[in-house]
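Peer 1: The sequence shown runs contiguously to residue 989 in the UniProt record's numbering.
Every residue, glycine too, gets a C-beta built ideally from N, C-alpha and C.
Source: prediction; values computed, not measured.
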Amino acid sequence: MSCSLDWEQLFYTMDELIFSGMLSGMCWNKTFLKNFSNAVKTAFCQLYELGLIKRETRLIQSFNETEPSMKEQWFLQMTEINKELLEYLENGNLNLDPNSVRGNLIEFLKFEEPWCLSRQLIWGHKIPAYFVENSKRWIVALTEEDARKQLEPSEIGSKLIQDSDVLDTWFSSSLIPIIIGGWPKNIISKNVINLMETGHDIIGFWVARMLVICKRLTGHYPFSNVLIHGLIRDSQNRKMSKSLGNVVDPMDIINGIKLEQMINRMKNSNLPVEDMVFSETSEKDLRKRFPNGIIACGSDALRFSMLRHDVTDFEIQIDIPRFADEGRRFCNKIWNMCKYCERIFNAYKNCLIEEEEEGGINGINYEVKFNENVRDFKIRQGFKRKTLSNYSIILLFYESTKSSLWNLDIKRILAINDTLVETICVVLTLLKTFLPFVSSFLLDCLNLNDEGERRCKYLLNELPKLTDEEYLKIGENFFKKNCFLNNKFQLLLLLMIRVTELFLIIALVTHTFLTLYTKVEESFNTQAIHDFLYLRNNWTKYDHREFPGVVPRTFVGPLAIASLMSPIFVLAQYFGINKLWMFFTARTTLGLCNLFAFCNFCRCVEKRFGNRVALYLRLFTLSQFHFLFYLSRPLPNTFAMFFVLIAFQKWIENKIIFFTFYATIAIFLFRIELILLFGPIILTIIYIGFCTLCCVLCKFKKKKIKRFSIPFDSFMWGRPVWPELEVIEFNIVKNKSHEYGVMPFWWYFTSALPRSLLLTALIAPLSIFAWQKDQKLIIQTIIPAFIFIFLYSFLPHKELRFIMYTIPLLNLSAAFFCDFVYMETFFYEYFLPYTFTFIISSYIYKLFLTIQFVNVSTRNYPGGDSLLELQFQTRNLSNKPIRVHIDNYSAQTGISRFVQLYDAWEYNKTEDLSLEELQSFDFLMFGVDNLNQFYNDLKSNYMPFKHEEFMRIDGFDKIIWQEVPFLEWYTTFIKSVPYPIFNVKVVHY
1 MSCSLDWEQL FYTMDELIFS GMLSGMCWNK TFLKNFSNAV KTAFCQLYEL
51 GLIKRETRLI QSFNETEPSM KEQWFLQMTE INKELLEYLE NGNLNLDPNS
101 VRGNLIEFLK FEEPWCLSRQ LIWGHKIPAY FVENSKRWIV ALTEEDARKQ
151 LEPSEIGSKL IQDSDVLDTW FSSSLIPIII GGWPKNIISK NVINLMETGH
201 DIIGFWVARM LVICKRLTGH YPFSNVLIHG LIRDSQNRKM SKSLGNVVDP
251 MDIINGIKLE QMINRMKNSN LPVEDMVFSE TSEKDLRKRF PNGIIACGSD
301 ALRFSMLRHD VTDFEIQIDI PRFADEGRRF CNKIWNMCKY CERIFNAYKN
351 CLIEEEEEGG INGINYEVKF NENVRDFKIR QGFKRKTLSN YSIILLFYES
401 TKSSLWNLDI KRILAINDTL VETICVVLTL LKTFLPFVSS FLLDCLNLND
451 EGERRCKYLL NELPKLTDEE YLKIGENFFK KNCFLNNKFQ LLLLLMIRVT
501 ELFLIIALVT HTFLTLYTKV EESFNTQAIH DFLYLRNNWT KYDHREFPGV
551 VPRTFVGPLA IASLMSPIFV LAQYFGINKL WMFFTARTTL GLCNLFAFCN
601 FCRCVEKRFG NRVALYLRLF TLSQFHFLFY LSRPLPNTFA MFFVLIAFQK
651 WIENKIIFFT FYATIAIFLF RIELILLFGP IILTIIYIGF CTLCCVLCKF
701 KKKKIKRFSI PFDSFMWGRP VWPELEVIEF NIVKNKSHEY GVMPFWWYFT
751 SALPRSLLLT ALIAPLSIFA WQKDQKLIIQ TIIPAFIFIF LYSFLPHKEL
801 RFIMYTIPLL NLSAAFFCDF VYMETFFYEY FLPYTFTFII SSYIYKLFLT
851 IQFVNVSTRN YPGGDSLLEL QFQTRNLSNK PIRVHIDNYS AQTGISRFVQ
901 LYDAWEYNKT EDLSLEELQS FDFLMFGVDN LNQFYNDLKS NYMPFKHEEF
951 MRIDGFDKII WQEVPFLEWY TTFIKSVPYP IFNVKVVHY
């Protein structure tokens with residue numbers, strides 16, 4: 001063997017159990033083996049004496065993985081204390097901002113695995129546990145003296161060894177709130193701190209553990225308000241890190257720094273040489289980012305740049321130098337405004353205030369609203385109100401009054417003076433909260449400190465002087481009221497969510513009921529569901545044996561639907577319910593499965609981005625026709641949609657393993673082209689570090705899926721087959737899909753998306769500018785959707801159902817933008833009426849179009865209507881051996897085995913039959929494109945066989961615009977006309 005030993009480090013890298021056999025076999029008689037280090041040295045020397053060591057070399061780097069070693073550790077049972085905190089949360093006693101993190105905290109508390117408290121470190125609080133050497137048992141006590149008091153008589157004089165492990169850092173830090181309150185010397189009888197502020201990534205590790213530990217030790221929770229901030233990232237969305245060099249020194253913003261100083265500081269730092277050369281801390285990168293260095297902006301400008309970001313965002317992407325320069329310019333505007341005021345303040349104040357100046361005073365009332373935001377810890381919103389109002393005040397006075405100063409209009413100057421005193425006092429006093437230095441300095445220069453405080457106290461309704469106990473009582477009442485209102489608001493949002501979900505179910509069932517029939521592309525899955533239910537193991541009678549179709553499809557989806565509705569089918573058979581209602585049940589089952597996945601997707605969006613985004617997403621979907629229409633259609637795309645939506649949900653939850661699993665099912669079972677949709681997402685996941693995991697998982701799951709689906713499908717088709725492989729061959733290799741129709745390259749963008757999304761198609765691309773929620777995920781939402789649509793456009797044959805998977809993503813992007821508009825103060829305050837009017841009118845417009853689409857869809861299945869009408873009118877012949885021939889047009893427009901109600905009848909779909917063969921049928925169903933030609937054929941070919949016209953069902957042609965004379969301002973309306981191509985003739989013998 002070859003051996004290399006580093007005697008100084010070996011004790012810390014090896015475990016004593018590794019050499020237990022060696023020590024007992026070779027070194028048992030050595031009395032000097034008092035510690036592990038000596039034992040290892042002795043063992044090595046004895047191996048060397050026996051000639052078992054071939055050579056000794058020092059390892060520079062080891063590529064072997066660290067092998068874990070089991071050791072006894074201390075654990076804390078969490079089941080009971082977690083349950084107590086969960087009840088506390090459900091009662092609404094803990095206020096979380098933003099409330100969307102409540103779900104994360106609840107999920108952490110539901111994980112009831114014991115908490116391991118032991119850490120094998122050389123720093124930290126040592127575990128207060130002592131090992132009694134004689135009796136081999138542990139005693140838990142604060143000190144060794146206290147431990148000796150717990151010794152049994154037989155253990156007196158025994159050596160006590162304190163556990164060398166230390167407590168988990170999170171355990172030690174969970175004591176911080178009560179230690180601040182003086183625990184354990186002082187008794188804690190109330191909340192120690194009013195507000196707990198921390199990051200969302202440690203809400204379980206720290207916040208939850210502070211709550212449970214402090215509650216167990218003192219009987220009271222340490223706080224009742226928690227403010228959660230996001231993860232701080234730089235302008236390129238990278239985590240702040242010293243090794244990357246993207247950490248900003250605040251003093252550089254305050255005092256400024258030259259480019260040469262930044263480069264010298266980098267070269268003199270402790271960064272490795274390779275980081276200086278290859279990372280973005282290189283000299284080249286510094287010259288690119290800061291060609292002139294960083295200008296001195298001052299501390300107020302630094303505060304300005306920090307306040308421009310919303311601390312409650314999931315990720316806070318900051319660009320301190322850029323925003324600090326913007327803050328410097330803002331402070332300069334305030335400075336210039338005060339210089340302007342200084343030139344006017346010596347005038348006499350005895351003139352009336354004119355209209356322009358009234359706007360300044362009215363602005364104060366709007367400005368004071370910021371106090372509500374600060375009180376509710378919405379610092380960014382309060383600050384945005386402040387900066388926006390100051391800009392409006394600056395423009396107001398500069399533009400409307402400076403001409404009076406130039407022209408020395410005495411009366412106007414006197415009126416302006418009163419308004420300026422009224423306005424500037426409040427502006428600067430309230431700005432002290434955010435920009436303390438420049439505001440205080442300007443107030444001193446203008447001698448307005450006392451005046452400003454007096455006016456602010458008047459505007460903000462100053463409270464009378466109270467005792468500490470009275471203030472505490474007022475604060476408790478306020479938080480109780482705030483909690484009550486918050487609960488009411490949450491209940492209202494929950495009601496809206498439930499109502500929208502109920503409307504989605506109603507809309508889905510309505511679509512299914514009104515358009516019950518299916519067309520040719522849905523026929524395979526429809527017939528398969530029918531055969532699984534009614535033919536069961538009579539494989540030779542299955543429809544695909546007689547009419548196999550162009551390419552094979554998997555039977556996994558139809559089998560799943562048939563299995564889900566089998567209890568209802570048994571009851572239907574018992575009560576004699578006909579096939580048509582079973583078809584409605586089958587489609588409803590499929591639609592509800594997809595809708596369940598969509599609602600879960602919406603709830604995931606709600607947890608991640610808030611209630612409003614999820615509400616917008618549901619409303620957009622509810623107002624659109626095609627997505628809900630397709631959810632219950634028995635198409636391969638629809639079966640894939642269930643797994644696509646679950647994959648999207650897991651992707652948003654950052655559960656990459658489950659995302660890859662469900663995406664793999666959708667790709668390899670139902671629609672192979674979905675790789676074009678999941679590809680960009682997976683490439684992003686690979687880029688951020690999941691490459692090996694995803695590759696291994698995809699290979700494993702793919703084999704596992706194929707292990708079930710390929711044998712099952714091969715059995716059903718009677719030959720070895722992987723359906724999606726033959727689809728690739730048909731569409732791409734042989735390029736035969738164009739035989740079913742060819743559309744222009746941009747058809748999806750110019751026709752399919754506008755029809756399916758309606759006005760949402762205009763809003764969705766704008767989400768790229770809505771950075772406030774999660775910039776990275778917004779880009780990853782809309783970019784893969786457009787890439788998928790663009791790549792799929794290369795296929796000549798195009799249908800809207802091929803891109804239906806992108807509709808939830810594009811609706812989510814539109815929801816992001818709507819929420820962005822709502823949150824932005826500028827839009828909210830100034831454009832809210834127009835935005836609200838636009839949204840309501842567009843929603844009404846979309847509902848109007850959706851109703852028209854529903855009307856059209858009900859008239860688009862003349863084949864199914866004609867067969868059902870024929871069976872109704874001849875119901876007295878239901879037990880007779882009637883033969884019906886169904887031509888290709890009729891079969892493709894709604895006829896399936898579910899519509900063939902009478903078992904005694906023969907429904908024949910054989911093509912290219914001769915006239916002699918057709919004469920044996922009792923009824924002939926034809927779809928024709930020329931009525932005159934059909935009547936000529938009827939007289940010459942069918943009349944001799946004594947066939948005559950029985951009835952005619954008209955199909956849908958198109959939507960046309962027709963003028964309305966009595967509405968001059970609106971000259972068109974929608975009208976449908978018969979479509980002769982799909983006229984279906986039923987001829988009776």
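(1) Taking one C-beta from the stretch 511 to 527 and one from the stretch 573 to 591 each time, how about it: are there three or more such pairs within less than 8 Å?
(2) Check whether the Cβ atoms of G204 and F108 lie closer than 8 Å to each other.
(3) Roughly how many angstroms lie between the CA atoms of I156 and D165, to the nearest whole one?
(4) Pull up the distance between the alpha-carbon of G863 and that of T910, whole angstroms please.
(5) E260: which of Y517, N292 and G230 sits nearest, CA to CA?
(6) Confirm, please, whether the CB-CB distance from V226 to N95 is below 8 Å.
(7) Give every residue of the same chain whose Cβ lies closer than 8 Å to the Cβ of I783, excluding the five residues on either side of it in the sequence, and list them in chain order.
(8) Spell out the partners DSSP gives C116 in its beta bridges.
(9) Tell me whether the beta-carbon of T500 lies closer than 8 Å to the beta-carbon of F620.
(10) Rounded to the nearest angstrom, what separates G92 and L86 at their Cα positions?
(11) Give me the Cα-Cα distance between Q73 and K83, rounded to the nearest whole angstrom.
(12) May I ask you to report which of helix, strand or coil DSSP gives Y48?
(13) Could you pull out every residue in the same chain whose Cβ sits closer than 7 Å to the Cβ of L76, ignoring the five residues on either side in sequence?
(14) At the level of alpha carbons, what is the spacing between N134 and L151?
(15) Mark R719 as exposed unless 16 or more other C-beta atoms lie within 10 angstroms of its C-beta, in which case mark it buried.
(16) To test your reading of the DSSP string, which unbroken alpha helix (DSSP H) runs of 4 or more residues are found completely within the stretch 96 to 182?
(17) Would you check if the stretch 718 to 733 and the stretch 561 to 570 touch, i.e. whether three or more CB-CB distances between them fall below 8 Å?
(18) DSSP has V884 in a bridge; who is on the other side?
(19) What are the start and end residues of the alpha helix (DSSP H) that includes T660?
(20) Measure from the C-beta of T588 to each C-beta in chain B and report whether the shortest distance is under 8 Å.
(21) Apart from the five residues on each side of it in sequence, which residues of its chain come closer than 8 Å, Cβ to Cβ, to C445?
(22) Tell me whether the stretch 516 to 534 and the stretch 628 to 637 touch, counting them as touching only if at least three CB pairs, one residue from each stretch, are closer than 8 Å.
(23) Let me know if C214 comes out buried or exposed under the rule of 16 or more other beta-carbons within 10 Å of its beta-carbon.
(24) Report the three-state DSSP secondary structure of N255 (helix, strand or coil).
(25) Quick one: give me the first and last residue of the beta strand (DSSP E) that I228 is part of.
(26) Under a Cβ-count criterion, where at least 16 other Cβ atoms within 10 Å of its own Cβ denotes burial, should F575 be classed as buried or exposed?
(27) Determine the direct distance from the alpha carbon of T429 to that of H626, and round the result to whole angstroms.
(28) Enumerate in chain order the residues of its own chain whose CB-to-CB distance from I895 is below 7 Å, with the five nearest sequence positions on each side excluded.
(29) Give the single residue among K798, F441 and F330 whose Cα lies nearest to the Cα of S751.
(30) Quick one: using the 10 Å Cβ neighbour count with 16 as the cut-off for buried, is V804 buried or exposed?
(31) Would the beta-carbon of A904 fall within 8 Å of that of N879?
(32) Could you tell me the alpha carbon to alpha carbon distance between G256 and G327, rounded to whole angstroms?
(33) Considering E606, what are the terminal residues of the alpha helix (DSSP H) in which it resides?
(34) Quick one: Cα of R265 to Cα of I253, how far?
(35) Which class does R553 belong to by DSSP, given the choice of helix, strand or coil?
(36) Which partner residues of F730 appear in the DSSP bridge assignment?
Peer 2: To lay it out plainly:
(1) Yes, they touch.
(2) Yes.
(3) When rounded, the distance between both Cα atoms is 25 Å.
(4) Rounded to the nearest angstrom, the two C-alpha atoms are 16 Å apart.
(5) The shortest CA-to-CA distance from E260 to any of Y517, N292 and G230 is the one to N292.
(6) Between N95 and V226, the gap from beta carbon to beta carbon is short of 8 Å.
(7) Result list for I783: P680, in chain order.
(8) Partner(s): F75.
(9) Taking 8 Å as the Cβ cut-off, T500 and F620 do not qualify as a contacting pair.
(10) Straight-line measurement puts the Cα of L86 at about 10 Å from the Cα of G92.
(11) Those two C-alpha atoms are separated by around 24 Å.
(12) Y48 carries a helical assignment under DSSP once its states are collapsed to helix, strand and coil.
(13) These residues qualify, in order along the chain: P114, W115 and L117.
(14) C-alpha of N134 to C-alpha of L151: approximately 11 Å in a straight line.
(15) Its Cβ having fewer than 16 others within 10 Å, R719 is exposed.
(16) DSSP runs (the alpha helix (DSSP H)) wholly in the stretch 96 to 182: 102 to 110, 144 to 149, 169 to 173 and 176 to 180.
(17) No, they do not touch.
(18) Listed as beta-bridge partners of V884 by DSSP are Y907 and F923.
(19) Unbroken alpha helix (DSSP H) run through T660: I656 to I665.
(20) Absence of chain B from the displayed structure is noted, only one protein chain being present.
(21) Around C445: C338 and E342.
(22) In short, these stretches touch, since the Cβ pair count reaches three.
(23) Per the 10 Å Cβ criterion, buried.
(24) Residue state, collapsed to three classes: helix.
(25) In the DSSP annotation of this structure, the continuous segment of the beta strand (DSSP E) that includes I228 starts and ends at N225 to H229.
(26) Burial call: exposed.
(27) So the alpha carbons of these two residues sit roughly 56 Å apart.
(28) If you ignore the 5 residues before and after I895, its C-beta comes within less than 7 Å of the C-beta of G863, G864, L867 and I886, all in its own chain and listed in chain order.
(29) Nearest option by C-alpha distance: K798.
(30) Just to set this straight, residue 804 is Met in the shown sequence, not Val. So M804 ends up on the buried side.
(31) Yes, they are a contact pair.
(32) So the two alpha carbons sit approximately 14 Å from each other.
(33) In the DSSP assignment, E606 falls within the alpha helix (DSSP H) that extends over K579 to F609.
(34) Roughly 16 Å between the two C-alpha positions.
(35) DSSP places R553 in coil when its eight states are reduced to three.
(36) In DSSP, F730 forms no bridge with anything.
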